[in-house]
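Comments concern the structure below.
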Amino acid sequence: MNWLIEFFGTAANWSGPSGIPARLLEHVEFSAVALLLSMIIAIPLGLFIGHTGRGGVVVVVAANAARALPTLGLVVLIVLLVGVGSTWPVLAPLIALAVPPILVNTYEGIRGVERDLRDAAYGMGLRGGQVLLKVLVPVALPLILLGLRIAAIQVVATATVAAYVGLGGLGRYIIDGLATKDFPSTLGGAVLVVALALLVQLGFAVLQRAVVSPGVSRRVKSR
Amino acid sequence: MITFEGVTKRYGDGTVAVDNLSLQVPTGAVTVFVGPSGCGKTTSLRMINRMIDPSEGRILLDDRDVRAIDPPTLRRGIGYVIQQSGLFPHRKIVDNVATVPYLLGWDKKKARARAMELLERVGLDPALAGRYPFQLSGGQQQRVGVARALAADPPVLLMDEPFSAVDPVVRASLQEELLRLQAELQKTIVFVTHDIDEAIKLGDTVAVLRVGGHLAQIADPATLLAEPADDFVAGFLGKDRGIRRLSFIPASKLRLSTGREVPGWSVALDEDDRPIGWRASGDGDGPLRPFGVFDPAQDSLRAALDAALLAPSGCAIAVDPGGRFAGVVTRETLDEALGRASGEALDPARSAAHARPAAGGDPDAGQAAG
Amino acid sequence: MNDTEPLVRWDWIGRHIPDITERLLDHVIMALVPVLLGLLIALPLGLASARWRGLYQPTVGVMNIVYSLPSLAVFIVLIPVTGLAERTTVIIPLTFYTLAVLVPAVVDGLESVPDHVRQSAVAMGFGPTRRLLRVDMPIAVPVVLAGLRVATVSSISLVSVGALIGRGGLGYYFIDGWQRQFYTPIIVGIVLVMVLAVLADGVLILAQRLLTPWARARRTS
Ligand SMILES: Nc1ncnc2c1ncn2[C@@H]1O[C@H](COP(=O)(O)OP(=O)(O)O)[C@@H](O)[C@H]1O
Ligand SMILES: [Mg+2]
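Residue numbers (the UniProt record's numbering), protein chains in the order written: chain A, 1 to 223; chain B, 1 to 370; chain C, 1 to 221.
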């Protein structure tokens with residue numbers, strides 16, 4: 001407790017480029033960019049594979065491999081291979097770890113939509129793209145969001161680890177604190193990371209309520 | 001009119017689902033495809049709206065080869081109803097019904113107004129419009145499915161076992177509702193079922209298919225019952241064909257005796273002339289005994305026979321559409337009519353104009369094919 | 001970084017076999033103890049949540065939150081309690097991650113028992129406990145094992161993060177390789193972690209076949 005008071009109570013920790021607000025912003029920024037890029041790669045691919053049914057095996061293998069990949073090893077290897085110096089190489093492992101859960105859940109979500117529903121949609125005269133966007137996506141949305149949530153959590157965690165190879169963000173307090181035996185700073189950083197992870201979780205819960213149709217989540221006020 | 005010309009469907013794995021099928025689906029009438037599971041009914045139906053394309057042969061919709069029409073455009077002009085209703089779970093009922101109007105670019109207000117009108121048409125409480133599909137019972141969902149198929153007023157309706165997943169009581173009421181709607185709208189309907197009783201109840205024409213996608217027989221229900229083409233069709237039709245056939249012979253030709261008296265019994269009436277029972281002759285205040293009535297203008301010979309079998313006198317009481325006493329049919333008259341029915345080959349012209357089995361009065365409703 | 005450095009120096013590997021073996025063993029212990037502990041706790045917890053429905057939502061909610069916590073942060077928070085560079089500091093959080101995967105799996109597995117099966121068990125005179133153990137549990141096995149596979153593989157890969165607090169099994173080689181700008185240990189670490197994961201997964205798939213012979217019979221028929 002004292003350590004925490006020491007860390008959060010120090011005025012210097014609240015301003016400047018290594019202050020809490022700046023570090024928090026950095027962390028959120030990296031995570032958001034990595035998540036966004038992962039979505040741009042994984043969602044269209046997952047939609048395509050789920051809709052056409054081609055390449056499903058690849059998705060499942062990729063997902064299993066990604067779960068077995070040690071994050072720290074991947075981060076270190078990629079940055080060593082590509083070179084330090086800029087932030088962008090560090091985004092690569094973040095994206096590599098965020099793509100599989102989005103891809104798998106999008107794919108499973110689309111593929112899992114009942115056959116009858118797909119048939120009915122085509123039978124009504126919707127075109128392929130309309131079937132996908134107006135029927136399959138809304139019905140698969142809970143799973144797609146689950147994939148995004150897992151990816152976001154993964155990204156926030158990996159960004160913390162990536163401070164080890166020079167990425168800014170909240171992980172800096174942990175890594176630098178461990179190096180200089182400044183335990184208050186390490187612990188403070190850890191608490192901030194936990195808080196951020198919880199916020200992300202909360203954010204997704206809110207998002208889920210806002211965008212998933214009550215007809216799909218079966219959550220309706222009256223009756 | 002929908003015409004199948006030598007249509008064959010072979011799936012990728014070599015299964016021949018439909019084999020050289022040629023038949024005509026007349027405009028404004030209900031044509032039922034019936035047969036055991038896996039005989040190619042669904043495949044045949046889906047070739048009409050191009051959910052599946054035939055391997056050989058062609059299908060004409062009012063003399064146009066359906067393959068010349070872009071599938072989505074074709075489908076927007078053909079209503080489609082499937083077994084589990086296939087409603088979109090993420091959309092409210094009213095928006096589900098308005099699906100095709102939206103696709104056709106109607107403005108939202110008009111499409112919704114149309115949807116509300118249809119909900120009422122298929123016998124649903126308009127208050128359900130704002131609900132989601134999961135909040136409705138199976139029978140209600142199926143009604144919404146029918147409303148959705150009718151939304152853009154398509155001339156053709158394809159129905160694939162639409163009532164198979166609901167319980168027998170609800171199924172019977174959905175069938176009645178469909179007959180009532182069809183009397184109003186006169187759509188060209190192709191209806192698929194594995195239930196022969198449903199086929200006979202709903203079909204103006206019934207096409208019996210056998211496994212392997214062969215057409216075994218196509219005929220109106222009365223002919224089918226009277227003259228099954230082979231043992232397969234006869235077996236599929238099940239028991240009691242003779243009695244069930246009587247449903248398709250009108251009772252209007254029965255000779256009525258206008259008096260209330262028959263040997264041993266007399267018809268008791270209330271002050272409005274409606275029958276209330278049979279009484280033994282000369283027993284003025286004696287107990288009322290059970291009775292049965294039929295309406296010669298609407299009912300079939302089967303209804304008349306049923307009315308006779310219910311009564312201790314063995315005679316059927318005829319009533320007018322208002323339920324007032326119109327006469328009595330004696331056992332001898334019935335005997336003659338039954339003799340004619342079994343003796344003559346069925347006259348197609350007469351049976352085409354048949355009275356439908358009385359609404360709700362079909363004791364076989366829901367009974368599985370034998 | 002270093003263009004002349006080859007990705008793998010085989011002689012380095014040859015010279016470090018004993019060291020690699022030792023770290024591999026440490027890694028396996030830190031990865032598997034949490035899975036075993038997690039399974040032992042998840043079974044009663046899952047059974048309880050399946051039996052008393054009121055427990056289900058809160059349990060799964062808490063598990064969801066636990067699952068979302070970054071491992072490095074949790075290791076750090078535990079250091080004052082269990083110490084730096086200690087096995088326990090790694091094992092405790094990984095146990096919680098295992099729980100987060102397994103408790104919902106146990107509940108879902110028990111839910112997957114068809115109603116008619118449950119009712120016919122009751123009709124045959126099984127008491128609630130015996131029914132749970134003899135009827136419900138075997139049917140839940142495939143779902144629980146699927147969860148166990150996810151938990152095991154994740155646990156094996158997560159141990160290496162512990163290297164940042166001085167105890168990461170094979171994760172040590174990531175730090176070592178980074179500090180010396182030397183690829184070989186990093187690649188050895190990644191490959192061994194993934195091989196471990198695949199092996200463990202294979203064993204669990206085998207276990208699933210042995211424990212649910214009826215599923216295999218259905219697959220082949
Ligand atoms: N996509 C398909 N690929 C291969 N065979 C199919 C396919 N769809 C249906 N079949 C086969 O074609 C036959 C007819 O199927 P279907 O038209 O669905 O029959 P029904 O609707 O009368 O039950 C069956 O033997 C079925 O197994
Ligand atoms: Mg079918």
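Here a beta-carbon is modelled for each residue, glycine too, at the ideal position from N, C-alpha and C.
Could you check which residue in the options has the C-alpha nearest to that of residue i?
{"i": "GLY177 of chain C", "options": "A:ILE78, A:LEU37 and A:VAL90", "result": "A:ILE78"}
{"i": "PRO126 of chain B", "options": "B:GLY286, B:GLY138, B:ASP285 and B:ALA147", "result": "B:ALA147"}
{"i": "GLU29 of chain A", "options": "A:GLN208, A:LEU196, A:VAL206 and A:VAL212", "result": "A:LEU196"}
{"i": "ASP272 of chain B", "options": "B:THR31, B:PRO36 and B:ARG324", "result": "B:ARG324"}
{"i": "PHE294 of chain B", "options": "B:PRO263, B:PHE163, B:LEU256 and B:GLY286", "result": "B:LEU256"}
{"i": "GLU108 of chain A", "options": "A:TRP88, A:VAL139 and A:GLY9", "result": "A:VAL139"}
{"i": "LEU21 of chain B", "options": "B:SER55, B:VAL30, B:MET1 and B:GLY28", "result": "B:SER55"}
{"i": "VAL216 of chain A", "options": "A:TYR164, A:ALA157 and A:LEU141", "result": "A:LEU141"}
{"i": "VAL100 of chain B", "options": "B:HIS90, B:ARG112 and B:PRO89", "result": "B:ARG112"}
{"i": "GLY259 of chain B", "options": "B:GLY213, B:ALA326 and B:GLY238", "result": "B:ALA326"}
{"i": "LEU118 of chain B", "options": "B:VAL267, B:ALA149 and B:GLN135", "result": "B:ALA149"}
{"i": "VAL191 of chain A", "options": "C:LEU84, C:LEU72, C:TYR97 and C:ASP201", "result": "C:LEU72"}
{"i": "GLU111 of chain C", "options": "C:PHE96, C:ILE17, C:PRO138 and C:GLY162", "result": "C:PRO138"}
{"i": "ILE29 of chain C", "options": "C:GLN179, C:SER157, C:VAL191 and C:GLN208", "result": "C:SER157"}
{"i": "MET194 of chain C", "options": "C:PHE126, C:LEU55 and C:SER160", "result": "C:SER160"}
{"i": "ILE190 of chain C", "options": "A:ALA163, A:VAL75 and A:ALA162", "result": "A:VAL75"}
{"i": "GLY168 of chain A", "options": "A:VAL60, A:PHE48, A:ARG118 and A:ILE20", "result": "A:ILE20"}
{"i": "ILE93 of chain B", "options": "B:GLN135, B:ASP283 and B:VAL66", "result": "B:GLN135"}
Closer than 8 Å by beta-carbon distance: list the chain C residues that pair up with residue i, in chain order.
{"i": "GLN201 of chain A", "result": "ASN64, ILE65 and SER68"}
{"i": "ARG218 of chain A", "result": "By Cβ distance, chain C contributes nothing, its closest Cβ being about 15 Å from ARG218 of chain A, past 8 Å."}
{"i": "VAL194 of chain A", "result": "LEU69, PRO70, ALA73, VAL74 and VAL77"}
Within the present structure, is the beta-carbon of residue i separated from the nearest heavy atom of ligand 3 by less than 8 Å?
{"i": "VAL208 of chain B", "result": "This structure lacks ligand 3; the ligands present are ligand 1 and ligand 2."}
Closer than 9 Å by beta-carbon distance: list the chain A residues that pair up with residue i, in chain order.
{"i": "GLY38 of chain C", "result": "Simply none; closest approach about 16 Å."}
{"i": "LEU164 of chain C", "result": "LEU72, VAL161, TYR164, ILE174, ILE175 and LEU178"}
{"i": "VAL153 of chain C", "result": "ASN64, ARG67 and ALA68"}
{"i": "GLY171 of chain C", "result": "PRO70, LEU72 and GLY73"}
{"i": "ILE20 of chain C", "result": "Those within 9 Å of ILE20 of chain C in chain A number zero; the least Cβ separation is about 14 Å."}
Does the Cβ-Cβ distance between residue i and residue j come in under 9 Å?
{"i": "ILE43 of chain A", "j": "ILE144 of chain A", "result": "yes"}
{"i": "PRO36 of chain B", "j": "THR205 of chain B", "result": "no"}
{"i": "LEU215 of chain B", "j": "ILE189 of chain B", "result": "no"}
{"i": "GLN83 of chain B", "j": "ALA152 of chain B", "result": "no"}
{"i": "LEU269 of chain B", "j": "PHE33 of chain B", "result": "no"}
{"i": "THR42 of chain B", "j": "GLN24 of chain B", "result": "no"}
{"i": "PRO312 of chain B", "j": "ALA304 of chain B", "result": "no"}
{"i": "LEU170 of chain A", "j": "ARG23 of chain A", "result": "yes"}
{"i": "LEU45 of chain B", "j": "GLY125 of chain A", "result": "no"}
{"i": "ARG244 of chain B", "j": "PRO228 of chain B", "result": "no"}
{"i": "THR330 of chain B", "j": "VAL262 of chain B", "result": "yes"}
{"i": "PRO100 of chain A", "j": "ALA62 of chain A", "result": "yes"}
{"i": "residue 371 of chain B", "j": "GLY123 of chain B", "result": "What the structure shows of chain B is the stretch from 1 to 370, and residue 371 of chain B is not part of that stretch, so it cannot be assessed."}
{"i": "LEU45 of chain A", "j": "LEU94 of chain A", "result": "no"}
{"i": "LEU148 of chain A", "j": "HIS51 of chain A", "result": "no"}
Please list the partners that residue i has in chain A, where partner means a Cβ-to-Cβ separation under 7 Å.
{"i": "ASN49 of chain B", "result": "GLY123"}
{"i": "VAL161 of chain C", "result": "THR71, LEU72 and VAL161"}
{"i": "PHE134 of chain B", "result": "GLY215 and ARG218"}
{"i": "ILE17 of chain C", "result": "Under the 7 Å cutoff, chain A gives no residues; its nearest Cβ is about 20 Å from ILE17 of chain C."}
In chain B, what lies closer than 8 Å to residue i by C-beta?
{"i": "LEU72 of chain A", "result": "Under the 8 Å cutoff, chain B gives no residues; its nearest Cβ is about 41 Å from LEU72 of chain A."}
What in chain A is Cβ-close to residue i, meaning under 8 Å?
{"i": "GLY125 of chain C", "result": "Within 8 Å Cβ-Cβ: nothing; GLY125 of chain C doesn't reach chain A, min ~36 Å."}
Counting contacts by CB-CB distance shorter than 9 Å, is residue i in contact with chain F?
{"i": "PRO21 of chain A", "result": "Going by chain labels, chain F is absent from the structure shown, which instead holds the protein chains A, B and C."}
Taking residue i as the query, report the chain B residues whose CB atoms sit under 7 Å from its CB, ordered along the chain.
{"i": "SER213 of chain A", "result": "HIS90"}
For residue i, go through chain C and note every residue whose CB falls closer than 7 Å to its CB, in chain order.
{"i": "ALA190 of chain A", "result": "ALA73, ILE76 and VAL77"}
Between the region 169 to 186 of chain A and chain B, which residues of the former have a C-beta closer than 7 Å to a C-beta of the latter? Within the region 169 to 186 of chain A, contact with chain B at the beta-carbon level (separation under 7 Å) is assigned to no residue.
Selection of the region 24 to 39 of chain B by Cβ proximity to chain A, strictly under 7 Å: Of all residues in the region 24 to 39 of chain B, none places a beta-carbon less than 7 Å from a beta-carbon of chain A.
Contact residues within the region 174 to 188 of chain C, judged by C-beta distance below 9 Å to chain A: Listed by position along the chain: PHE174, ILE175, GLY177, TRP178, GLN181, PHE182, TYR183, ILE186 and ILE187.
Using a Cβ-Cβ cutoff of 8 Å, what residues of the region 47 to 69 of chain A are near chain C? List them in chain order. So the list reads ASN64, ALA65, ARG67, ALA68 and LEU69, given in the order they occur along the chain.
Scan the region 191 to 202 of chain C for residues whose Cβ lies nearer than 8 Å to a Cβ of chain A and list them as they occur along the chain. For the region 191 to 202 of chain C, the set of positions with a beta-carbon nearer than 8 Å to some beta-carbon of chain A reads VAL193, MET194, ALA197, VAL198 and ASP201 in chain order.
Name, going along the chain, the residues of the region 78 to 91 of chain A whose beta-carbon falls closer than 9 Å to a beta-carbon of chain C. Answer in chain order: VAL79, LEU80, LEU81, VAL82, GLY83 and VAL84.
Quick one, which residues of the region 133 to 162 of chain A are near chain C if we go by CB-CB under 7 Å, in chain order? Per Cβ criterion, the list reads ILE153, VAL156, ALA157, THR160 and VAL161.
Check each residue of the region 91 to 113 of chain B: if its Cβ is closer than 8 Å to any Cβ of chain A, include it; give the result in chain order. Residues ARG91, LYS92, THR99, VAL100 and LEU103.
Relative to chain B, which residues along the region 102 to 127 of chain A have a C-beta separation below 9 Å, given in chain order? Against chain B - using a Cβ distance shorter than 9 Å - the residues of the region 102 to 127 of chain A are GLU114, ASP116, LEU117, ARG118, ASP119, ALA120, ALA121, TYR122, GLY123, MET124, GLY125, LEU126 and ARG127.
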